[in-house]
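Shown next, in structure tokens, is the structure this report addresses.
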Amino acid sequence: MKARAAIVLLVVALCGGVAFAAQQVYAPQKSHHTWSDLQRGRYLAQAGDCESCHTAPNGQPWAGGRAVPTPFGIVYSMNITPDQDTGIGAWNSEDFYKAMHEGVDREGKRLYPAFPYPWYTHMTRGDVDAIKAYLDTLKPVHQVNRAPELGWPFSMRSMLAVWDKLYLHADTFTPDPKQSAQWNRGAYLVQGLGHCGACHTSKNFLGAVDRHHPMQGGFAEHVFAPNLGAGQRDGLSGWSEQDIAQYLGTGMNAHATAAGPMAEVVQQSTQHLTQADLKAVAVYIKSLAGPEASGPGAPDSDSMREGEGLYVDDCAGCHMEGGEGIAHAFPPLRESSAIQAAQPQLLIAVILEGARSPTTKAKPSGLTMPAFADKLDDAQVAALTTYIRNTWGNKAAQVSQGDVSKLRKTFATASQ
Amino acid sequence: MARRLPEVEVVLVGFGWTASIIAQELTDAGMEVLALERGGWRDTVPDFSVTHIQDELRYAVRKEIFEQTARQTLTFRNRVDQLALPMRHLGSFNPAAGVGGAGVHWNGQNWRFLPTDFVIRTQTEQRYGKQMIPADMTVQDWGVTYDDLEPYYDKFEYLCGISGQAGNVGGKILPGGNPFEGPRRRGYPLPPLNRCAATELFDKAAKDIGLHPFPAPAANTSKPYVNSLGVQMGQCTYCGFCEWFGCANYSKASPQSTIFPVLLKKPNFSFRTHCAVTRINMDGSGKRATGVTYVDRDGNEFEQPAQMVVLCAFAHHNVHLLLVSKIGMPYDPVSGQGVVGRNYAYQVSSSVNVTCKERLNPFMGAGALGQVVDDFNGDNFDHTGKGFIGGGYIALWNTGGRPILQQYLPKGSPKWGAGWKKAVHDDYLYSTHMQCHGAVMSYRDNYLDLDPTYKDEYGNPLLRLTFDFKGNEHAMSKFLTEQATRIAHAIPNRGIHSKPREGDYSIVPYQTTHNTGGAAMGDDPRTSFVNRFLQSWDVPNLWVMGSSVFPQNAGYNPTGTVGALTFWAADAMRRYLRNPQPLVQV
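Sequence lines, in order, name chains W and F.
According to the working numbering, the stretch in the first sequence is residues 1 to 416, in order.
According to the working numbering, the stretch in the second sequence is residues 1 to 586, in order.
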């Protein structure tokens, strides 16, 4: 029991302090299998949220097989356990680095960019090696990788060479000497391992991100991942660095609770980041520019009237009549950037499907909002979301019945 | 033939309040704990979701989340010379089935018992003389005192996020609280709930006639709360659907809303649903429990070995399980010998309806939104010449104003049709009622045993309840109802309807689910099944939680005391685990 407590303490110490500092304390050899390297690898693998995608629902951890829907079809994540035949047990660190840095597997086949190598490419070799060293300690699982289900021409892997040529900028992160060390650490995490832009930056028709407008909002599968740049209404100008760190570290702050795909990101990944790294990420995010401010037109008064009635009946009990929510429990809807986002899908999705707040060490409850898909029809959800997006000082574009029905159909298809 | 499963360290029978607390405490102590629940899994979402849980027909009338009598019930008679018959519908009490137990559907009326309640025999004999206790009244001291339990009451209150106004902190009487309560180490974690019109009227009326009203302590959160385990709770919306319903927005304390977010993540805890425990298994010595046998939903029988067995089911079921497992000496009302089934008790309730002059909007409610006087509870008043011992509180609860069962219309109002509609139209918004919540003492011939005729679906004899109100209870209830009527007259009103509880106990109309006793705690193994730590005298690795250990009932809702006793027992279990011996030697 005592030994176990000591190990736990050690892990906490390693994760809680910065991994590099721990390395100095333990003065490891240049080996992939020292304790501190493994712990650093584990920490980095969590920061990269690797396990989420590489574990299928109810599947063996890290053995892949999770369907990742893309606009071009479904890609299945790989088995990254150290199984010799079906995992990456036979890969050496060079093979692994090539996959992370160039998007090419051990056999030389190009990987689909649903695997976020366009971000991981920025990582240092040392960090990538540490992750591989950690992955090598996992339980090997014999599970054959599943082939992607893509329509022509995306099914041709040769296409990927063209894609990489056009869009992959394979280079390791270079610190900006004009910025602080903290900012650079944040930029390294956000642009690299964190691959935040995979969802929060808009993409072109081939799925390549708009490098000139990073983090100004994009699509995460079916829902809009809001702008993380500046913006009084639909950006994070109202959030302090502490707010951002708190949100990523606990799943909620005074402005918002993580919902949709972000709930999983917080639960599996960002809650495990050290305070120093959370702060660095926050400093970097606060430096991001937002999209040009747009002035949405006024919503129609019928929708607002219907929406108000629905809000009082179905929402006000928890989110309160003034939209202020309840501290520590239910998020405010007033002055929320996610609610006033350029696209309304996240709000619609939460109403249709319900939402469970991430369960974290700091906020263990997993408070859950029920699904209203069976109770409210498309027109009602459109009216309700229009009302929520345009009350208590909120201002955002009207939501149409079509927006709702499209998302409802997507969820119905996905659940089949 | 039962399939034998791998042994666990601790098995809990049931998965409601007491099991959740024991599980949380013993897993913290490093033990591997398994809970077996006869009902199904339930959680706030989707089972108690907002806008669908507020369905009175489904939950309050058709009783969806309670025990199903087709599966498990009991037989009843008033006196030993009668033939007991099985209850085929739920009647005067509603035991829960399902994860969270009655912690899901309770109102949240959360009390500490009075210091004198725990030493009732000593207190009564010292103050009034031995003759005050009739020969057939088998009341006894609990073996624990209020001071023993105070830290554990505190622990339960801070787990639940109780809203209330302390009346006695460290011996200092505070204005606005209950001046009769035992001294507490600190105030409640949350301020009292907002009052409604009816409770304001009660407060004024009670003060006008010289009584000491205070807001009832409520396990409904008056503010957002983060509890002692770090679990987040919302704020009560006064929707008026606590009693018989789960809470939709995390504001009524239940195992789900206070413990599960922490407990269910622990690798050394597990639970299984739809597992009805049918036996406690013993080794050849009769001194050691070896585990339990249970039957799953498909009728498969399993043997679950365990190093320690904790009974955490409803009061009746704990006693039933002991009787069918032949553990401890069954109680015999003729000889007065035996302990299992002894000292069963209940509560005696009565009410006074008031049609007020002021409009009340009774639909704004919460399960424990109420104003109370404790002037006539326990031994808070002089019983000399009254002809009874004990007492109860008088409360104006505004649990809700639901459309089917919660209309306290004037006396003589029609029960249906156009006349009823008119009465509802004219009087619903002006009607309220007061409740007298009286203690019931223990008696030689009020007890539990096994029925000789009727069996349950597993082939076990049903539990048989033999119970009636006695002279003490009738006199006490009459007195309480008179006091409530006095308060009612001090409220500006258009009519008062007193409804005393008279005659034999009837198990048919709903009264209260506060059944107690049958596995009493105490200092003497001849009159108690468990010692003061809730450990069996005979079988030291068998423990009994819940109100089945109350030696007699008090004039309060039992959950606060059940919670405190469970934390108290959990502390004792930690000591036991270091040295597994009887914690009290005789």
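Ideal Cβ positions, reconstructed from N, Cα and C, are used throughout, including at glycine.
Going by DSSP, name the residue or residues bridged to tryptophan 543 of chain F. F:Val310 and F:Gln535
For a cutoff of 8 Å on Cβ pairs, would you count aspartate 314 of chain W as touching chain F? yes
Under three-state DSSP, which class holds alanine 197 of chain F? Helix.
Could you say if the region 355 to 375 of chain W and the region 260 to 268 of chain F meet the contact criterion of at least three C-beta pairs nearer than 8 Å? yes
Quick check on DSSP: helix, strand or coil for arginine 4 of chain F? Reduced to three states, the DSSP call for arginine 4 of chain F is strand.
Where the beta strand (DSSP E) through aspartate 451 of chain F begins and ends: 447 to 455
By the criterion of Cβ-Cβ separation under 7 Å, what are the contact partners of threonine 237 of chain F in chain W? Gly317
Are the C-beta atoms of valine 262 of chain F and some chain W residue less than 8 Å apart? yes
Can you list the beta strand (DSSP E) stretches of 3 or more residues lying completely in the region 217 to 254 of chain W, in chain order? 218 to 220 and 223 to 225
To be precise: take each residue of the region 325 to 352 of chain W, compare its Cβ to all Cβ atoms of chain F, and keep it if any distance is under 9 Å. Which residues remain? Ile326, Ala327, His328, Ala329 and Phe330
Answer with yes or no whether the minimum CB distance from valine 104 of chain F to chain W is below 8 Å. Valine 104 of chain F does not count as touching chain W.
Applying the 10 Å Cβ sphere with the 16-neighbour rule, what's the burial state of tryptophan 397 of chain F? buried
Just verifying my parser: in three-state terms, what is the DSSP assignment at isoleucine 65 of chain F? coil
Under 8 Å between the Cβ atoms of proline 332 of chain W and arginine 389 of chain W? no
What does lysine 252 of chain F pair with, by DSSP beta-bridge criteria? DSSP, once it has assigned bridges, lists F:Asn220 as partnering lysine 252 of chain F.
Using a beta-carbon distance below 8 Å, is glutamine 232 of chain F in contact with chain W? yes
In terms of alpha-carbon separation, which member of W:Gly41, W:Ala47 and W:Trp35 lies closest to glutamine 275 of chain W? W:Ala47
Please classify tryptophan 568 of chain F as buried or exposed, where buried requires at least 16 neighbouring CB atoms within 10 angstroms. buried
State the Cα-Cα distance for the pair serine 31 of chain W and lysine 132 of chain W, rounded to the nearest angstrom. Reliability of the predicted coordinates at serine 31 of chain W is poor, the pLDDT of 44 falling under 50, and the value obtained from them is presented with this limitation in mind. C-alpha separation (whole angstroms): 12 Å.
Close-in-space but distant-in-sequence residues of the same chain around asparagine 493 of chain F (CB under 8 Å, 5 per side omitted): Here the set comprises Val354, Thr355, Cys356 and Lys357.
Local Cβ density within 10 Å of lysine 411 of chain F, reported as buried at 16 or more and exposed below that: Exposed: under 16 other Cβ atoms inside 10 Å.
At a CB-CB cut-off below 8 Å, which residues of chain W make contact with tyrosine 250 of chain F? Ala329, Ser365 and Leu367
Can you tell me whether DSSP reads threonine 278 of chain F as helix, strand or coil? strand
Alpha carbon to alpha carbon, how far is threonine 453 of chain F from threonine 145 of chain F? Give it in angstroms, no decimals. 41 Å
Residues near glycine 307 of chain W by beta carbon distance below 6 Å, same chain, minus five either side: Ala383, Leu384, Thr386 and Tyr387
Contact between the region 438 to 447 of chain F and the region 134 to 152 of chain F: three or more CB pairs below 8 Å? yes
Using the beta-carbon count (16 or more within 10 Å), is glutamate 149 of chain W buried or exposed? exposed
Would you list the residues sitting across from lysine 409 of chain W in a DSSP beta bridge? Its beta-bridge partners do not exist; DSSP assigns none.
Three or more C-beta pairs below 8 Å linking the region 547 to 559 of chain F and the region 107 to 124 of chain F: They touch, by the three-pair rule.
Which residue's Cα is closest to the Cα of valine 190 of chain W: W:His212, W:Ser400 and W:Val283? W:Val283
Given histidine 89 of chain F, which residues of its chain have a CB within under 8 Å of its CB, disregarding the five upstream and five downstream residues? Cβ neighbours of histidine 89 of chain F beyond the five flanking positions: Thr69.
DSSP three-state call for glycine 14 of chain F: helix, strand or coil? coil
Quick check: the region 2 to 17 of chain F against the region 245 to 252 of chain F, are there 3 or more CB pairs under 8 Å? no
Can we say the region 108 to 116 of chain W touches the region 176 to 183 of chain W, given the rule of at least three CB pairs closer than 8 Å? As far as the Cβ criterion goes, the region 108 to 116 of chain W does not touch the region 176 to 183 of chain W, which means the pair count is below three.
Let me make sure I understand the geometry here. Which of W:Gly65, W:Ala371, W:Leu38 and W:His328 has the alpha-carbon closest to that of lysine 363 of chain W? When each option's Cα is compared against that of lysine 363 of chain W, the closest is W:His328.
Return helix, strand or coil for leucine 9 of chain W, following the three-state DSSP convention. For leucine 9 of chain W, the pLDDT reaches just 37, beneath the cut-off of 50, and the residue's location in the model is therefore unreliable, although a value from the coordinates is still provided. Note: leucine 9 of chain W maps to helix in three-state DSSP.
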